[in-house]
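**Q**
In this note's numbering, the protein residues as written are 29 to 150.
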């Protein structure tokens with residue numbers, strides 16, 4: 029069974045500096061927003077496993093790069109990072125998302141229920 033917790037928000041960041049942690053037996057998975065690095069990241073036992081980089085351009089958040097460590101590919105980690113990032117953008121800003129990375133574009137194609145993020149939101 030997976031336990032997830034959301035810890036803290038950062039008023040000084042562009043979005044909430046949220047952190048979600050999951051515990052699978054002895055493995056710890058952390059999903060974090062790192063606004064100083066302009067990225068969302070997933071760490072497994074403290075090691076970077078996947079990330080999604082972004083650039084804020086006015087009222088748009090451009091997600092322009094995703095990466096998963098080669099040894100961790102095929103486990104759905106990039107999808108978890110992108111989902112976490114979209115949840116954070118939606119919950120903490122009114123910015124629209126520009127899926128400028130092919131992976132983020134494919135993620136939206138698989139999640140049409142999240143298309144509201146692709147429009148300018150008030």
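C-beta: ideal position from N, C-alpha, C; glycine also.
1. Rounded to the nearest angstrom, how far is the Cβ of residue 116 from that of residue 91, given a contact under 8 Å?
2. For the stretch 91-100 against the stretch 51-65, do three or more pairs of beta-carbon atoms, one drawn from each stretch, fall closer than 8 Å, so that the two count as touching?
3. State the DSSP-derived secondary structure class of residue 121, mapped to helix, strand or coil.
4. One question on the structure: do residue 106 and residue 131 come within less than 9 Å of each other, judged by their Cβ atoms?
5. Less than 7 Å between C-beta atoms, sequence neighbours within five positions excluded: which residues of the same chain meet that for residue 73?
6. According to DSSP, simplified to helix, strand and coil, what is residue 67?
7. What are the boundary residues of the beta strand (DSSP E) that residue 80 is part of?
8. Heavy atom of the ligand GTP less than 8 Å from the Cβ of residue 115, yes or no?
**A** Straight from the coordinates:
1. Residue numbering aside, residue 116 sits at position 88 when the chain shown is read from its first letter. Residue numbering aside, residue 91 sits at position 63 when the chain shown is read from its first letter. A Cβ-Cβ distance of about 12 Å is found for the pair residue 116 and residue 91, leaving them out of contact under the 8 Å criterion.
2. Taking one beta carbon from each stretch, the stretch 91-100 and the stretch 51-65 have fewer than 3 pairs nearer than 8 Å; the two do not touch.
3. Your numbering for residue 121 matches position 93 in the chain shown. Three-state DSSP puts residue 121 in coil, outside helix and strand.
4. The sequence position of residue 106 within the chain shown is 78, counting from 1. The sequence position of residue 131 within the chain shown is 103, counting from 1. Going by C-beta atoms, residue 106 is nearer than 9 Å to residue 131.
5. Stepping through the chain shown from its first residue, residue 73 is reached at position 45. Residues of the same chain with a CB within less than 7 Å of the CB of residue 73, apart from the 5 flanking positions on each side, are 55, 56 in chain order.
6. To locate residue 67, count along the chain shown from 1; it is residue 39. Here DSSP, grouped into helix, strand and coil, assigns residue 67 to strand.
7. Here the question's residue 80 lines up with position 52 in the chain shown. For residue 80, the enclosing beta strand (DSSP E) begins and ends at 75-85.
8. Ligands in the displayed structure: none, and consequently the ligand GTP is not present.
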